[in-house]
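In the numbering used here, the protein residues as written are 2 to 502.
What follows is the structure, given as structure tokens:
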């Protein structure tokens with residue numbers, strides 16, 4: 002029963018139904034010894050519900066009741082990390098390791114907090130310690146590869162640990178799938194597919210492997226991705242991952258109507274999944290369905306705001322200068338883009354900026370409040386995915402800074418777990434704000450997946466320092482590449498509906 006409840010709770014969390022996940026897990030957490038998977042899902046549900054303090058408080062009391070129990074300290078570390086309190090999380094994970102025999106899962110929890118704290122060398126050590134204990138842990142290999150890529154930008158170094166593990170465990174499909182995901186995240190979709198082509202060709206290939214191979218093929222061979230998705234769905238008709246892949250592949254092979262049917266089936270159980278909404282609106286656009294223009298009314302739903310000068314600064318220019326200095330301390334000048342992110346040729350911060358202690362960053366997020374509340378009033382209420390969730394309140398759900406270099410851009414994407422997304426411009430190359438070319442502009446409407454026929458951008462916003470742009474998380478967006486020796490420095494966040502009073 003506990004394992005079945007855990008699997009169902011994970012499905013609820015993945016489907017953005019955290020209240021149901023919490024209802025399943027709360028009794029288990031009161032009666033069971035803390036298990037990392039159980040704690041992770043319990044905390045994820047509470048965080049998604051905006052109940053951060055409750056998540057930490059519950060597991061802190063459990064740790065205090067069992068001060069010599071490593072699993073209780075690890076549970077507290079998971080809760081602290083999930084709520085952005087990474088210094089405390091790292092300390093709790095270190096305590097868990099000190100209390101007993103080193104445990105791979107605890108090493109990995111500690112490593113994730115060290116990454117968020119910018120302690121990359123210590124994070125690498127923790128990950129390698131964990132892999133010594135559990136060399137087939139695909140998730141840990143994934144984290145080590147992400148860290149290595151961020152520090153080196155070298156594909157060979159990035160997959161070196163995975164390659165060594167595959168020498169010891171040849172044919173391990175979880176490790177092969179992890180390597181394929183890493184290569185795709187690094188921009189090598191063909192190499193990713195090559196990792197999985199042979200095992201995916203086997204008649205007994207697992208559905209998860211077929212989906213991973215299909216995701217690799219989607220960008221350059223949607224017909225192959227379609228075939229892999231259909232095979233996976235025959236083997237596992239309830240697989241949402243396979244059905245989502247099939248919907249995207251159908252868009253790439255000219256069957257928008259078929260794609261729409263799968264989108265509607267998936268959205269019946271996950272109505273707030275922004276990626277699925279993006280696939281749905283893309284199908285509508287290909288079909289000439291007027292619902293596309295209602296959901297993607299850029300003139301109405303993409304709104305620019307000039308940031309009010311935060312308290313404590315004489316004018317916006319002086320505030321932006323201080324903010325730029327604060328952000329540049331967080332960007333590695335020699336770093337590389339994070340894997341699985343939209344940016345190319347630049348760096349992205351690793352911690353949640355909305356929880357940062359820096360005075361200028363804190364002042365910025367306080368100054369965001371008025372434009373966000375104005376946006377909520379502006380869009381109003383309705384039946385579409387943006388308006389039907391509008392309760393007049395919001396909370397942060399991730400925030401970061403991006404520093405793009407020469408030729409930098411964001412590939413077209415959406416924010417699957419968002420509701421309202423944003424771009425705030427801190428500093429731009431000279432002349433970009435007044436340019437007559439589209440370089441550096443924020444463009445909306447061009448899908449980040451292949452479509453037949455191809456679709457192009459429909460709307461653009463020219464950046465300027467101090468400008469905040471708010472828009473629905475489900476609209477496709479990216480930036481036009483620019484050429485300059487000067488960097489383009491931005492902050493972005495996702496917001497989700499606030500917790501009802």
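C-beta atoms are modelled at their ideal positions from N, C-alpha and C, and glycine is treated no differently.
Measuring alpha carbon to alpha carbon, tell me which residue in the options is nearest residue i.
i: residue 49; options: 423, 80 and 34; result: 80
i: residue 149; options: 168, 124 and 166; result: 124
i: residue 28; options: 290, 64, 287 and 3; result: 3
i: residue 228; options: 251, 441 and 220; result: 251
i: residue 16; options: 288, 271 and 492; result: 271
i: residue 376; options: 11, 155, 181 and 470; result: 470
i: residue 216; options: 497, 455, 450 and 464; result: 450
i: residue 120; options: 333, 191 and 466; result: 333
i: residue 461; options: 455, 437 and 484; result: 437
i: residue 154; options: 265, 347 and 367; result: 347
i: residue 298; options: 69, 477, 481 and 59; result: 477
i: residue 495; options: 368, 423, 144 and 62; result: 423
i: residue 453; options: 374, 392 and 288; result: 288
i: residue 372; options: 425, 418 and 327; result: 425
i: residue 300; options: 317, 164, 260 and 472; result: 472
i: residue 354; options: 85, 74, 439 and 132; result: 85
i: residue 136; options: 418, 396 and 162; result: 162
i: residue 133; options: 147, 122, 169 and 159; result: 169
i: residue 259; options: 237, 283 and 236; result: 283
i: residue 483; options: 463, 448, 440 and 418; result: 440
i: residue 171; options: 159, 199, 236 and 146; result: 199
i: residue 238; options: 221, 220, 207 and 60; result: 207
Kindly list the residues whose CB is nearer than 6 Å to the CB of residue i, restricted to its own chain and excluding five residues on each side of it in sequence; keep chain order.
i: residue 502; result: Confidence at residue 502 is low in this model, with a pLDDT of 46, below 50, so the placement of that residue is unreliable and no value is reported for it.
i: residue 118; result: 87
i: residue 112; result: 124, 127 and 128
i: residue 94; result: 78, 107, 110 and 111
i: residue 459; result: 446
i: residue 103; result: none
i: residue 35; result: 72, 73 and 76
i: residue 225; result: 218
i: residue 205; result: none
i: residue 98; result: 107
In the DSSP assignment, the beta strand (DSSP E) including residue i goes from what residue to what residue?
i: residue 304; result: 304-307
i: residue 194; result: Segment 190-202 is the alpha helix (DSSP H) holding residue 194; no beta strand (DSSP E) there.
i: residue 256; result: Premise fails: residue 256 is in no beta strand (DSSP E) and is neither H nor E.
i: residue 428; result: 421-428
i: residue 498; result: 489-498
i: residue 480; result: 478-480
i: residue 35; result: Premise fails: residue 35 is in no beta strand (DSSP E) and is neither H nor E.
i: residue 473; result: 468-473
i: residue 382; result: Element bounds for residue 382: n/a, residue is neither H nor E.
i: residue 443; result: 443-445
Since residue i and residue j should fall inside the 8 Å C-beta cutoff, what is the C-beta to C-beta distance between them, to a whole number of angstroms?
i: residue 364; j: residue 313; result: 6 Å
i: residue 47; j: residue 56; result: 4 Å
i: residue 427; j: residue 387; result: Not quite, the Cβ-Cβ distance comes to about 26 Å (not below 8 Å), so this is no contact.
i: residue 474; j: residue 416; result: 4 Å
i: residue 105; j: residue 82; result: Residue 105 to residue 82, Cβ: 16 Å. No contact.
i: residue 156; j: residue 187; result: 6 Å
i: residue 486; j: residue 407; result: 6 Å
i: residue 361; j: residue 319; result: Their Cβ separation, rounded to whole angstroms, is 10 Å, which puts residue 361 and residue 319 out of contact at 8 Å.
i: residue 498; j: residue 394; result: 7 Å
i: residue 176; j: residue 139; result: 6 Å
i: residue 100; j: residue 69; result: 6 Å
i: residue 466; j: residue 429; result: 6 Å
i: residue 305; j: residue 468; result: 6 Å
Could you check where the alpha helix (DSSP H) with residue i kicks off and where it finishes?
i: residue 360; result: 360-368
i: residue 157; result: 156-159
i: residue 415; result: No alpha helix (DSSP H) contains residue 415, which DSSP labels as neither H nor E.
i: residue 221; result: Residue 221 -> no alpha helix (DSSP H), and no H or E assigned at all.
i: residue 19; result: 19-32
i: residue 3; result: 3-15
i: residue 105; result: 105-117
i: residue 461; result: Segment 460-462 is the beta strand (DSSP E) holding residue 461; no alpha helix (DSSP H) there.
i: residue 281; result: 275-288
i: residue 149; result: 139-153
i: residue 314; result: Element bounds for residue 314: n/a, residue is neither H nor E.
i: residue 77; result: 71-83
i: residue 135; result: Element bounds for residue 135: n/a, residue is neither H nor E.
Excluding sequence positions up to five away, which residues of its chain have a Cβ less than 7 Å from the Cβ of residue i?
i: residue 234; result: 240, 243, 244 and 247
i: residue 211; result: 201, 229, 232 and 233
i: residue 213; result: 178, 181, 182 and 197
i: residue 192; result: 184
i: residue 397; result: 355, 494 and 496
i: residue 42; result: 7, 10, 11, 14, 22 and 26
Does the distance between the C-beta of residue i and the nearest non-hydrogen atom of the ligand NAD fall short of 7 Å?
i: residue 109; result: With respect to the ligand NAD, the structure shown offers nothing to examine, as it has no ligands at all.
Which same chain residues end up closer than 8 Å to residue i when comparing Cβ atoms and leaving out the 5 residues on each side of it in sequence?
i: residue 269; result: none
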